[in-house]
């Protein structure tokens with residue numbers, strides 16, 4: 575079965591969704607990401623959805639789930655690159671992606687991740703484990 | 004109202020949702036809908052196609068391009084599943100009998116210009132949506 579690759583970059587994980595997101599693939603990504611976060615001790619996840627033509631309620635729920643699960647695993651999630659037409663549609667559909675942090679592009683998203691991970695380190699010191 | 008072309012796309016299993024999205028994108032682009040309008044009707048189609056599978060046990064989408072006096076795209080989702088006992092309740096945001104978010108029906112209604120739903124318990128459901136250019 576096709577898979578969405580997860581790249582490790584320092585303490586962050588990078589996911590670029592470049593295929594038509596069918597439901598089973600979305601579920602698999604959710605599982606793969608949580609596994610990879612715990613295996614690699616990642617502090618942040620960046621999900622690039624700039625090539626996604628639509629985000630419906632299923633994909634939206636997946637993004638919210640990933641953000642919630644990674645938070646529980648002590649990692650931040652930032653979703654970047656949402657197309658304006660997708661954003662307009664998403665809000666009219668009634669979905670505001672609660673709990674999901676967003677940034678306009680990969681650069682801004684990486685900056686946001688670094689800043690929030692650094693802020694956490696300052697506040698709580700380095701990780702206990 | 005003149006129907007220019009009509010075709011049927013089967014919705015039997017989950018990968019068909021992607022096929023539905025693809026076909027709606029192609030047709031709405033050919034009709035010259037704006038990118039936002041294309042995105043809206045594709046998203047609505049995605050929600051309704053998924054409902055057709057999950058709640059209707061599968062069915063089909065009818066695609067009609069309209070021309071005269073207005074240009075538009077009309078999609079009809081039909082299944083022969085158990086039907087919706089209370090349509091008003093089903094249209095309410097947050098209501099679901101499944102495990103989703105309960106945004107599919109009400110949300111897709113907001114994304115199109117016309118929305119029509121006919122459902123009879125035990126016979127099935129037919130939902131028609133139209134987006135005008």
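Protein chains in written order, with our numbering: chain X, 575 to 703; chain A, 4 to 136. Quick reminder that beta carbons are idealized off the backbone N, C-alpha and C, glycines included.
query = Which word fits residue 32 of chain A, buried or exposed, when buried means at least 16 other C-beta atoms lie within 10 angstroms of its C-beta?
reply = Residue 32 of chain A is exposed by the Cβ-count criterion.
ask   = Taking a cut of 8 Å between CB atoms, which residues from the region 23-43 of chain A lie near chain X?
value = Residues 24, 25, 28, 38, 39, 41, 42 and 43.
message = Taking 8 Å as the cut-off, does the region 9-24 of chain A touch the region 101-108 of chain A (at least 3 CB pairs, one atom from each stretch)?
response = At 8 Å Cβ cutoff, the stretches do not touch.
Collapsed DSSP secondary structure at residue 684 of chain X in the structure displayed = In the structure shown, residue 684 of chain X sits in a helix (DSSP, three-state: H, G or I).
inquiry  = Considering only their Cβ atoms, is the gap separating residue 10 of chain A from residue 74 of chain A smaller than 7 Å?
reply    = Taking 7 Å as the Cβ cut-off, residue 74 of chain A and residue 10 of chain A do not qualify as a contacting pair.
inquiry  = Tell me the rounded alpha-carbon separation between residue 623 of chain X and residue 611 of chain X.
reply    = Answer to the nearest angstrom: the Cα atoms are 19 Å apart.
message = Run through chain A and tell me which residues come within less than 7 Å of residue 531 of chain X, C-beta to C-beta.
response = With chain X covering 575 to 703 only, the question about residue 531 of chain X has no answer from this structure.
ask   = Is the Cβ of residue 91 of chain A closer than 7 Å to any Cβ of chain X?
value = Output row for residue 91 of chain A: interface = no.
inquiry  = Contact defined as beta carbons within less than 8 Å: I believe residue 632 of chain X pairs with residue 53 of chain A. What is the distance between those atoms, to the nearest angstrom?
reply    = A Cβ-Cβ distance of about 7 Å is found for the pair residue 632 of chain X and residue 53 of chain A, placing them in contact under the 8 Å criterion.
query = How big is the Cα-Cα spacing for residue 51 of chain A and residue 108 of chain A?
reply = Distance from the CA of residue 51 of chain A to the CA of residue 108 of chain A, rounded to the nearest whole angstrom, comes to 7 Å.
query = What is the DSSP secondary structure of residue 4 of chain A, reduced to helix, strand or coil?
reply = Coil.
key: Simplified DSSP state of residue 634 of chain X, which is helix, strand or coil   = Under the three-state reduction of DSSP, residue 634 of chain X is assigned to helix.
request  = Counting only the same chain and skipping the five closest in sequence on each side, list residues whose C-beta sits under 6 Å from that of residue 112 of chain A.
outcome  = If the five residues before and after residue 112 of chain A are omitted, its C-beta is found closer than 6 Å to the C-beta atoms of 118, all from its own chain and listed in chain order.
ask   = So is the beta-carbon of residue 114 of chain A under 6 Å away from any non-hydrogen atom of the ligand SAH?
value = With respect to the ligand SAH, the structure offers nothing, as it holds no ligand at all.
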